[in-house]
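Colleague:
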Amino acid sequence: MKELTILIAGGRGMVGSAMVRRLQAEGYRHLLTPSREDLDLTDQHQVRAYLRHKQPDSVIIAAAKVGGIYANSTYTADFLYENLMIECNLIHESHRADIDRLLFLGSTCIYPKLAPQPIPEEALLTSALEPTNEGYALAKIAGVKLCTHYYKQYGRSYISAMPTNLYGPGDNYHPQNSHVIPALIRRMHEAKVKEADEVVIWGSGKPLRDFLYVDDLAEALLFLLEGYRESLHINVGSGEEISILELAKLVADVVGFQGEIVTDPSMPDGTPRKMADISRMTQLGWQPKTSLREGLKLSYNDFLGLGKK
Ligand SMILES: NC(=O)c1ccc[n+]([C@@H]2O[C@H](COP(=O)([O-])OP(=O)(O)OC[C@H]3O[C@@H](n4cnc5c(N)ncnc54)[C@H](OP(=O)(O)O)[C@@H]3O)[C@@H](O)[C@H]2O)c1
5 MKELTILIAG
15 GRGMVGSAMV
25 RRLQAEGYRH
35 LLTPSREDLD
45 LTDQHQVRAY
55 LRHKQPDSVI
65 IAAAKVGGIY
75 ANSTYTADFL
85 YENLMIECNL
95 IHESHRADID
105 RLLFLGSTCI
115 YPKLAPQPIP
125 EEALLTSALE
135 PTNEGYALAK
145 IAGVKLCTHY
155 YKQYGRSYIS
165 AMPTNLYGPG
175 DNYHPQNSHV
185 IPALIRRMHE
195 AKVKEADEVV
205 IWGSGKPLRD
215 FLYVDDLAEA
225 LLFLLEGYRE
235 SLHINVGSGE
245 EISILELAKL
255 VADVVGFQGE
265 IVTDPSMPDG
275 TPRKMADISR
285 MTQLGWQPKT
295 SLREGLKLSY
305 NDFLGLGKK
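Just so we're aligned: 38 in our numbering is position 34 of the sequence shown, and the numbers increase by one with no gaps anywhere.
1. Would you check whether ligand 1 has a heavy atom nearer than 7 angstroms to the C-beta of P167?
2. Cβ of S111 within 8 angstroms of Cβ of K58?
3. Among P38, T9, Q121, which has the Cα closest to the Cα of S283?
4. What is the DSSP secondary structure of E264, counted as helix, strand or coil?
5. To the nearest angstrom, how far is it from the Cα of L251 to the Cα of N176?
6. The alpha helix (DSSP H) with S161 in it runs from where to where?
7. Could you tell me the alpha carbon to alpha carbon distance between S21 and V218, rounded to whole angstroms?
8. Taking the beta strand (DSSP E) that S98 belongs to, which residues open and close that run?
9. May I ask whether a heavy atom of ligand 1 can be found less than 7 angstroms away from the beta carbon of K6?
10. Hey, could you find the ends of the alpha helix (DSSP H) H153 is sitting in?
11. Should V197 be labelled buried (16 or more other beta-carbon atoms within 10 Å of its own) or exposed?
12. Is D306 near ligand 1, going by C-beta to nearest heavy atom under 7 angstroms?
13. So what does E202 bridge to, in DSSP terms?
14. From the DSSP output, read off the bridge partner residues of N4.
15. In the DSSP output, what is L212 paired with across the bridge?
16. Would you mind stating whether R297 and V258 have Cβ atoms separated by less than 8 angstroms?
17. Helix or strand or just coil, what does DSSP make of A13?
18. Note down, in chain order, each residue of its chain lying with its Cβ closer than 6 angstroms to the Cβ of L212, except the 5 sequence neighbours on either side.
19. Between L27 and T9, is the Cβ-Cβ spacing less than 8 angstroms?
20. Could you pull the start and end residues of the alpha helix (DSSP H) that V70 belongs to?
21. Quick check on Q287: does DSSP put it in helix, strand or coil?
22. Does the contact criterion of 3 or more C-beta pairs under 8 angstroms hold for the stretch 74-85 versus the stretch 133-148?
23. Comparing alpha-carbon positions, which option in D214, A280, W206 lies nearest S270?
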């Protein structure tokens, strides 16, 4: 098993690099992590030639165009098109190259806006999506279904995992295009340095979310790659939820910002509650290990450049 060659598409991103760390720690030595310059995954010819030439035993799709509410609701066509192309190229060309094992990373954004909570895997396509990230969600749904149908039609071990919100080393701390945790870390840190009196957070602060430390996800993904053989996608989350306001307070505490936290209800909230039902994962024997406070401390160290890379 450890002699297998594994392509980690997006292997230099947050999830991909966590996956590389995990695989290396487990003794996997033949890892392929081409950069975008080496291999543009939206280009079918490049992907076909690369897979034929390298012939990996397994493919992990950790490449995608990702972003927060602002980026998702602004660059809607780009999110739909680029993600569709990446998935279609990697899944179809893996099949053509006779690669039998593939793990696709979706997201809990695939589920309907008003899905039952915690969200079971079966909630997929039962009602309308959250409009702010429709392009991203539609593309991810197509990726999930491609895996299911290559599994069913061709007997390929193409599986897909739906992680909840992730955070950790290698996160994107961009002021506009980042997810909630890296955005909060940056803003709380800047407010602390400037000795600001307050930090304003987008929306009402009421939405409930769950957050998983990325190294816990990587452990779950390896667990699935080695043993999960079902066509149904599977959720991976923390099993715990927290409001955005409570999260902001926790980040402020970890960072050491002592001013006030003010909500701005004029900005969009997104889905009111989003928590993945992880009972299928826990029944298989997987549990997350890192508490939110501990993960935030590690992330803040990473932001400061002190974390292990
Ligand atoms: N972050 C989360 O909270 C979260 C939550 C649920 C699911 N996920 C899923 O987890 C996966 C990884 O996310 P992440 O947070 O690790 O994102 P990330 O840090 O932005 O990494 C994505 C990687 O994909 C690469 N990539 C994007 N388009 C490419 C292209 N056309 N050709 C080659 N490489 C390309 C990026 O390369 P560049 O560096 O050159 O852009 C980057 O290395 C995605 O499928 C995402 O949907 C993430």
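Just so you know, even glycine gets a beta-carbon here, dropped at the ideal spot from N, CA and C.
Modeller: Considering the structure as presented:
1. In the sequence shown, counting from the first residue as 1, residue 167 sits at position 163. Indeed, a heavy atom of ligand 1 lies less than 7 angstroms from the Cβ.
2. Your numbering for residue 111 matches position 107 in the sequence shown. Your numbering for residue 58 matches position 54 in the sequence shown. No, these two residues do not count as a Cβ contact at 8 angstroms.
3. For the purposes of this step, residue 283 is taken as residue 279 along the sequence shown, with counting starting at 1. For the residues P38, T9, Q121, the minimum Cα distance to S283 belongs to Q121.
4. Mapped onto the sequence shown, residue 264 falls at position 260. Three-state DSSP puts E264 in a strand.
5. In the sequence shown, counting from the first residue as 1, residue 251 sits at position 247. In the sequence shown, counting from the first residue as 1, residue 176 sits at position 172. Going from the Cα of L251 to the Cα of N176 covers about 18 angstroms.
6. Looking up residue 161 in the sequence shown gives position 157. First-last for S161: 161-167, but that is the beta strand (DSSP E), not the alpha helix (DSSP H).
7. Numbered from its first residue, the sequence shown carries residue 21 at position 17. Numbered from its first residue, the sequence shown carries residue 218 at position 214. Those two C-alpha atoms are separated by around 9 angstroms.
8. As a position in the sequence shown, residue 98 is number 94, starting the count at 1. Not the beta strand (DSSP E): S98 falls in the alpha helix (DSSP H), residues 80-100.
9. One-based indexing of the sequence shown puts residue 6 at position 2. No; taking the cut-off as 7 angstroms, the Cβ of K6 has no heavy atom of ligand 1 nearer than that.
10. As a first step, residue 153 must be located in the sequence shown, where it is residue number 149. Start and end: 138-158.
11. Walking along the sequence shown from the start, residue 197 turns up at place 193. Counting Cβ neighbours within 10 Å, V197 comes out exposed, since fewer than 16 surround it.
12. Against the sequence shown, residue 306 aligns to sequence position 302. D306 Cβ: outside cutoff for every heavy atom of ligand 1.
13. Taking the first residue of the sequence shown as 1, we reach residue 202 at position 198. E264, per the DSSP bridge assignment.
14. In the structure as shown, the chain starts at 5 and stops at 313, and residue 4 therefore has no counterpart that could be examined.
15. Translated into the one-based positions of the sequence shown, residue 212 becomes position 208. L212 is bridged to S247, R277.
16. Along the sequence shown, read from residue 1 onward, the residue named residue 297 stands at position 293. Along the sequence shown, read from residue 1 onward, the residue named residue 258 stands at position 254. Yes. Within cutoff.
17. As a first step, residue 13 must be located in the sequence shown, where it is residue number 9. The answer is strand: DSSP assigns A13 an E or B state.
18. Residue 212 sits at position 208 when you count from the first residue of the sequence shown. If we look at L212 and ignore the five residues flanking it on each side, its Cβ neighbours are E245, S247, R277.
19. Stepping through the sequence shown from its first residue, residue 27 is reached at position 23. Stepping through the sequence shown from its first residue, residue 9 is reached at position 5. The answer is no: Cβ separation not under 8 angstroms.
20. Counting from 1 along the sequence shown, the entry for residue 70 is found at position 66. Neither: V70 is in no alpha helix (DSSP H) and is coded neither H nor E.
21. Reading the sequence shown from its first residue, position 283 is the one you call residue 287. Note: Q287 maps to helix in three-state DSSP.
22. yes
23. Along the sequence shown, one-based indexing puts residue 270 at 266. Closest option to S270, Cα to Cα, is W206.
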